[in-house]
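Undergrad: One structure, pasted below without further comment.
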Amino acid sequence: MILILKENTGLPEREHLIKRLEFMGFKAVPSDSEGQLAVAIVSGIDRKTKTELFHSLPSVEKVIKLNQQMKLAGREIKKERTIINIKGEGIGGDDLVIMAGPCAVESRESTFEIAEAVASAGASVLRGGAFKPRTSPYDFQGLGEEGVKYLAEAAEKYGLLTISEVMDVEQVDIVVDYVDILQIGARNMQNFSLLKAVGKINKPVMLKRGFSATYKDFLMAAEYILSEGNPNVVLCERGVRTFENYTRNMLDITAVPVLKQLSHLPVVVDPSHGTGIRSLVIPMAMAAVAAGADGLMVEVHTNPDKALLDAKQTIDIEMFKLMVKSVIAIKNMTLSDSL
Ligand code: PEP
Ligand code: MN
Numbered sequence: 016m017i018l019i020l021k022e023n024t025g026l027p028e029r030e031h032l033i034k035r036l037e038f039m040g041f042k043a044v045p046s047d048s049e050g051q052l053a054v055a056i057v058s059g060i061d062r063k064t065k066t067e068l069f070h071s072l073p074s075v076e077k078v079i080k081l082n083q084q085m086k087l088a089g090r091e092i093k094k095e096r097t098i099i100n101i102k103g104e105g106i107g108g109d110d111l112v113i114m115a116g117p118c119a120v121e122s123r124e125s126t127f128e129i130a131e132a133v134a135s136a137g138a139s140v141l142r143g144g145a146f147k148p149r150t151s152p153y154d155f156q157g158l159g160e161e162g163v164k165y166l167a168e169a170a171e172k173y174g175l176l177t178i179s180e181v182m183d184v185e186q187v188d189i190v191v192d193y194v195d196i197l198q199i200g201a202r203n204m205q206n207f208s209l210l211k212a213v214g215k216i217n218k219p220v221m222l223k224r225g226f227s228a229t230y231k232d233f234l235m236a237a238e239y240i241l242s243e244g245n246p247n248v249v250l251c252e253r254g255v256r257t258f259e260n261y262t263r264n265m266l267d268i269t270a271v272p273v274l275k276q277l278s279h280l281p282v283v284v285d286p287s288h289g290t291g292i293r294s295l296v297i298p299m300a301m302a303a304v305a306a307g308a309d310g311l312m313v314e315v316h317t318n319p320d321k322a323l324l325d326a327k328q329t330i331d332i333e334m335f336k337l338m339v340k341s342v343i344a345i346k347n348m349t350l351s352d353s354l
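Here it is, written out as structure tokens:
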């Protein structure tokens, strides 16, 4: 159920309405629909609940019953695209957002070196894992809090935003203080308690597609975050597992237009984990942008062969510069086509 609020309703009145709904036994989160403030009731509704009950509440103009399961991620109510603004940078708007950096934060020195290089080559977000999801428990697990600290310091110096992964609920409180965007990795796409935890924070979350997740699984995972009240979710296609094992994953470019048709959330593509092969990163980044991606996440290192993790898919600064040039040219072409 979505309650569309009267045009002159302010944010404090919406907050008040949400509290009142909670008191009545419903769970409600803020939403908006075509420029108008709204409230989405995400639980507490049963077959006996009548829409008339909500009509009598202050500020309510219209009550709409939602048919689809994707109440908040879908486009039934929110037809306009979500643009997430972080310190003046918009994700999901006209500008392509480029997130770049090492697979893992390795040291303070290398993080600063990479940050400087990617910033001057056109990145706006510095990536780097400090809590790493590794297949083997004996492999390097990341620098932890020290790692996100280096990431934040380097980003600050070179005017970048930051993104880093959280793998469990306890890490959310640590990482949220350092980074601008929290990343949920493919392996945790359906870690529902983690999704609920990042749904309660007030920073954007980038959710990566699980390697065997359907579009619906993916969007319903996003729904978990949205239904806790965090509206700022970015979807990231990073490839799925198929019978093909030449590439690390099968990067699903079709996901870009499909997700954008089904949802208003921004869609980013990761051609690094999507292919696992350095020479495929630029072509797949170009394909992603041609398909309408709002941004890219790529693994970049000043010395890729020496990268501690994912060296084979990590590109150097020269390749990164070439990628940025190529994808911007494509973005400009697709923009002028849609005019
Ligand atoms: C990553 O981006 O650091 C990562 C581990 O990717 P994924 O979760 O897509 O495997
Ligand atoms: Mn990696």
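So the sequence shown is numbered by the working numbering: it starts at 16 and just counts up by one. The beta-carbon is built from N, C-alpha and C at its ideal position, and this holds for glycine as well.
For residue 111 and residue 154, what's the separation of their Cα atoms in angstroms?
TA: Cα-Cα distance, rounded: 34 Å.
Undergrad: When burial is assigned at 16 or more other CB atoms within 10 Å of the CB, is residue 217 buried or exposed?
TA: Looking at its Cβ environment, which holds fewer than 16 other Cβ atoms inside 10 Å, residue 217 is exposed.
Undergrad: Going by DSSP, what residues sit across from residue 222 in a beta bridge?
TA: Residue 222 pairs with 199, 250.
Undergrad: Assign residue 86 to buried or exposed, taking buried as 16 or more other Cβ atoms, counted over all protein chains shown, within 10 Å of its Cβ.
TA: Classification for residue 86: buried.
Undergrad: What is the residue span of the alpha helix (DSSP H) that residue 35 lies within?
TA: 26-38 is the span of the alpha helix (DSSP H), which, as asked, contains residue 35.
Undergrad: When you compare the CB positions of residue 262 and residue 291, do they come within less than 9 Å of one another, or not?
TA: Contact: yes.
Undergrad: Whose C-beta lies closer than 8 Å to the C-beta of residue 256 among residues of the same chain, with five residues either side of it excluded?
TA: The answer, listed in chain order, is 226, 227, 264, 265.
Undergrad: So for residue 114, helix, strand or coil by DSSP?
TA: Of the three classes helix, strand and coil, the one that applies to residue 114 here is strand, per DSSP.
Undergrad: Return yes when the C-beta of residue 119 is under 8 Å from any heavy atom of the ligand MN, and no when it is not.
TA: Yes.
Undergrad: So for residue 216, helix, strand or coil by DSSP?
TA: Three-state result, residue 216: coil.
Undergrad: Checking 9 Å against the spacing of the C-beta atoms, do residue 300 and residue 282 come in under that value?
TA: Not a contact, by the Cβ cut-off of 9 Å.
Undergrad: CB-CB under 8 Å to residue 94, same chain, minus the five flanking residues each way: which ones, in chain order?
TA: Excluding residues within five positions, the ones whose Cβ falls inside 8 Å are 48, 49, 279.
Undergrad: Smallest Cα separation from residue 57: which of 303, 209, 244, 253?
TA: Considering only alpha carbons, the answer is 244.
Undergrad: Would DSSP call residue 267 helix, strand or coil?
TA: Here residue 267 sits in coil by DSSP.
Undergrad: I'd like to check one pair, residue 161 with residue 127: are the Cβ atoms closer than 9 Å?
TA: Result no, Cβ atoms of residue 127 and residue 161 do not sit closer than 9 Å.
Undergrad: Determine the extent of the alpha helix (DSSP H) in which residue 241 is found, giving its start and end residues.
TA: Unbroken alpha helix (DSSP H) run through residue 241: 230-241.
Undergrad: Could you tell me whether any non-hydrogen atom of the ligand PEP is closer than 8 Å to the CB of residue 144?
TA: Yes, the ligand PEP has a heavy atom inside 8 Å of this Cβ.
Undergrad: Using DSSP with H/G/I as helix, E/B as strand and the rest coil, what is residue 283?
TA: Strand.
Undergrad: Kindly identify the DSSP beta-bridge partner or partners of residue 141.
TA: Answer by DSSP bridge pairing, in chain order: 115, 177.
Undergrad: Within its chain, find whatever has a CB closer than 6 Å to the CB of residue 276; leave out the 5 residues flanking it on each side and keep chain order.
TA: Correct list: empty, nothing qualifies.
Undergrad: Identify, in the order they occur along the chain, each residue of the same chain with its Cβ nearer than 7 Å to the Cβ of residue 83, setting aside the five sequence neighbours on each side.
TA: For residue 83, where only same-chain residues beyond five positions count, the Cβ hits under 7 Å are 89, 91.
Undergrad: Give the straight-line distance between the Cα atoms of residue 23 and residue 29, rounded to the nearest whole angstrom.
TA: The alpha-carbon atoms of residue 23 and residue 29 are separated by roughly 11 Å.
Undergrad: Return the CA-CA distance between residue 21 and residue 76, expressed in angstroms with no decimal places.
TA: So the alpha carbons of these two residues sit roughly 5 Å apart.
Undergrad: Any heavy atom of the ligand MN within a distance shorter than 8 Å of the CB on residue 288?
TA: Residue 288 Cβ: within cutoff of the ligand MN.
Undergrad: Using the Cβ count rule (16 or more neighbours within 10 Å means buried), how would you classify residue 142?
TA: It counts as buried.
Undergrad: Since residue 47 is in the beta strand (DSSP E), which residue starts that stretch and which ends it?
TA: Residue 47 -> beta strand (DSSP E) spans 42-48.
Undergrad: Closest to residue 314 by CA distance: which of 173, 331, 248, 156 is it?
TA: Of 173, 331, 248, 156, the residue nearest in Cα terms is 331.
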